[in-house]
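In the working numbering, the protein residues as written are 68 to 198. Even for Gly, the Cβ is constructed at its ideal location relative to N, Cα and C. This one's a predicted model, so the numbers in the text were calculated from it and none came from an experiment. Read through the structure below, which is laid out as structure tokens, and then see the notes.
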Ligand SMILES: [Zn+2]
């Protein structure tokens, strides 16, 4: 099971068709993200279309899309960054089983792989820089 590096993209107008680290072309990859919400005592798995750089093993998800899903799930109008934490990805087979059976008998984090690193990037005049 792959362990990815992860970047939660807060820039609505940046789609990252190029990797912010190596500037290589990214691909589109759909996979389940494991979202831990301590305050709400919930763990969500969201099958999400992400951008992916094979070279950096970097997965990029749009923050506004993830937050929209969480808000819809909780039935609230707003959430803060402190309320959730995207911990890793879930094995696709486990995700399908969970979706079919409505839960996991093995426990909520069964099949989850935590991210290797979480990266942040900021826009500088010369391009994207790690923060
Ligand atoms: Zn890259």
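Own chain, CB closer than 7 Å to residue i, minus 5 neighbours either side, in chain order
i	result
residue 136	113
residue 183	70, 71, 72
residue 157	99, 101, 112, 178, 179
residue 210	Because the chain is modelled from 68 through 198, residue 210 falls outside the range shown and cannot be assessed.
Neighbourhood of residue i by C-beta, 8 Å cutoff - its chain only, sequence neighbours within 5 removed
i	result
residue 152	102, 103, 104, 105
residue 171	161, 164, 165, 177, 178
Under 8 Å between C-beta atoms of residue i and residue j
i	j	result
residue 75	residue 130	yes
residue 133	residue 149	no
residue 92	residue 117	no
Residues near residue i by beta carbon distance below 6 Å, same chain, minus five either side
i	result
residue 90	none
Continuous beta strand (DSSP E) assignments of at least 3 residues falling wholly in the stretch 78-134:
94-104, 109-120, 125-129
Taking one C-beta from the stretch 155-168 and one from the stretch 185-196 each time, how about it: are there three or more such pairs within less than 8 Å?
no
Go through the stretch 126-176 residue by residue and report every complete run of the alpha helix (DSSP H) that reaches 4 residues or more, in order.
130-141, 159-168
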